[in-house]
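Student:
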Amino acid sequence: MHPKISLLAKLMLMQPARILISTSSSTRSSSLKRMDAIGGMNYAEAINQVGGLPFFAPNLSAEKAAAYIAQVDGLLLSGGVDFDPVLFNEAPHPGLGMVDEARDNFELACYHAARKKGIPILGICRGIQAINVAEGGSLIQHLPAFEDKHQHAQQNNDGSLFHTVVLEPDSKLAGAFGKTSIRTNSYHHQAIDRLGSNLKSVAKTADNTIEAVESSDGKVLGVQWHPEMSFERYPEQIAPFRLFMEAVQQYLNERIPGQVYA
Ligand code: MN
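Residue numbers (numbering that gives the first Met the number 0): 0 to 261.
Right, dumping it as structure tokens:
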């Protein structure tokens with residue numbers, strides 16, 4: 000490699016990886032009807048702790064998704080409201096919660112743009128559901144409708160650990176935690192039902208609820224719990240973020256300097 004090219008490559012690698020974090024929409028109850036994009040500071044703190052530079056994305060039109068993805072090295076799909084079941088061809092269950100059409104469309108477009116570009120994706124809570132819907136899977140719309148499911152919407156809101164999750168021994172996630180049984184918090188109303196294409200279930204609770212997925216190419220990771228709410232009190236919960244950032248670093252290392260990426 001030419002010395003100047005090599006130096007350029009090194010300088011590029013010294014830039015912190017840019018991570019786009021999706022946001023919630025919130026309407027302010029004033030006469031101005033402001034619509035605000037709400038980001039979670041704890042997602043940004045977790046990404047910061049593993050060496051990434053976080054950016055928050057507002058839920059603009061799906062057409063803007065590719066332009067956002069072109070600017071970043073990784074995508075974090077964050078937690079939030081329920082998915083509209085029209086996206087997996089089901090009618091709304093009586094227990095369905097609030098949905099957000101603009102966010103659904105923007106996040107799904109971000110997912111597909113990120114897969115096209117080849118950058119890693121981490122989905123958290125609603126984010127694992129976004130991954131599954133984007134890959135053609137379906138969701139359980141209202142977990143409490145199933146008597147054989149245990150509680151997945153814990154009442155204490157401090158991120159304390161709530162249920163046991165068993166990890167597939169050969170998964171990247173088990174490698175990152177260094178064990179196959181962990182405890183996690185649980186703040187979800189929906190869960191994966193029919194698994195989407197290109198995804199494998201790598202973690203479950205005892206009631207057979209899917210709690211994590213990975214793609215076969217190792218670039219997509221989804222977890223159903225909220226590690227960003229727990230990692231400061233339970234340091235092992237940084238593991239999903241570290242695994243995600245390792246994939247981002249691998250993506251950056253494999254890029255050819257000077258090559259144009261759409
Ligand atoms: Mn759970």
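Using N, Cα and C, we set each Cβ at its ideal position, and we do this for glycine too.
Values in this document were obtained by computation on a predicted structure and should not be read as measured data.
Could you tell me the distance, in whole angstroms, from the CA atom of P57 to the CA atom of A66?
Tutor: Going from the Cα of P57 to the Cα of A66 covers about 13 Å.
Student: State the CB to CB distance for the pair Q236 and D81, rounded to an integer number of angstroms; the pair is presumed to be in contact (CB under 8 Å).
Tutor: That pair is no contact at about 24 Å.
Student: Following a CB-centred definition, is T22 positioned closer than 7 Å to any heavy atom of ligand 1?
Tutor: Answer for T22: no, Cβ out of range of ligand 1.
Student: Of the residues G158, Q153 and Q248, which one's Cα is nearest the Cα of H225?
Tutor: Among G158, Q153 and Q248, the Cα nearest to that of H225 is on G158.
Student: Would you say H151 touches ligand 1, meaning its beta carbon is less than 7 Å from a heavy atom?
Tutor: Yes, ligand 1 has a heavy atom inside 7 Å of this Cβ.
Student: Which residues in the same chain as A133 place their Cβ atom closer than 6 Å to its Cβ, once the five residues preceding and following it in sequence are excluded?
Tutor: Closer than 6 Å at Cβ, skipping near neighbours: L107 and Y110.
Student: Which value, in whole angstroms, describes the spacing of the CA atoms of Q249 and K32?
Tutor: Cα-Cα distance, rounded: 43 Å.
Student: If we call anything under 8 Å between Cβ atoms a contact, is N131 one with L142?
Tutor: Not in contact: N131 and L142 (Cβ atoms no closer than 8 Å).
Student: If you follow the beta strand (DSSP E) that G221 is part of, which residue opens it and which one closes it?
Tutor: Looking at the DSSP string, the run of the beta strand (DSSP E) that includes G221 is V219 to V222.
Student: Let me check you understand the geometry: is the CB of Q223 closer than 7 Å to at least one non-hydrogen atom of ligand 1?
Tutor: Indeed, a heavy atom of ligand 1 lies less than 7 Å from the Cβ.
Student: Say yes only if the C-beta of S159 is nearer than 7 Å to one or more non-hydrogen atoms of ligand 1, and no if none qualify.
Tutor: Incorrect: S159 has no Cβ contact closer than 7 Å to ligand 1.
Student: How should V85 be labelled, buried or exposed, when 16 other C-beta atoms within 10 angstroms of its C-beta is the threshold for buried?
Tutor: Answer is exposed; the Cβ neighbour count stays below 16.
Student: Where does A261 sit, in a helix, a strand or coil, going by DSSP?
Tutor: Caution is warranted here: a pLDDT of 43 is assigned to A261, below 50, making its placement in the model unreliable, and no coordinate value can be reported.
Student: Would you check if the distance between the CB atom of I20 and the CB atom of L75 is smaller than 8 Å?
Tutor: Against a cut-off of 8 Å, the Cβ pair of L75 and I20 comes out as a contact.
Student: Please go through the same chain and pick out, in chain order, the residues whose beta-carbon is closer than 7 Å to the beta-carbon of G39, but skip the five residues on each side of it.
Tutor: Excluding sequence neighbours, G39 sits near S77 and E227.
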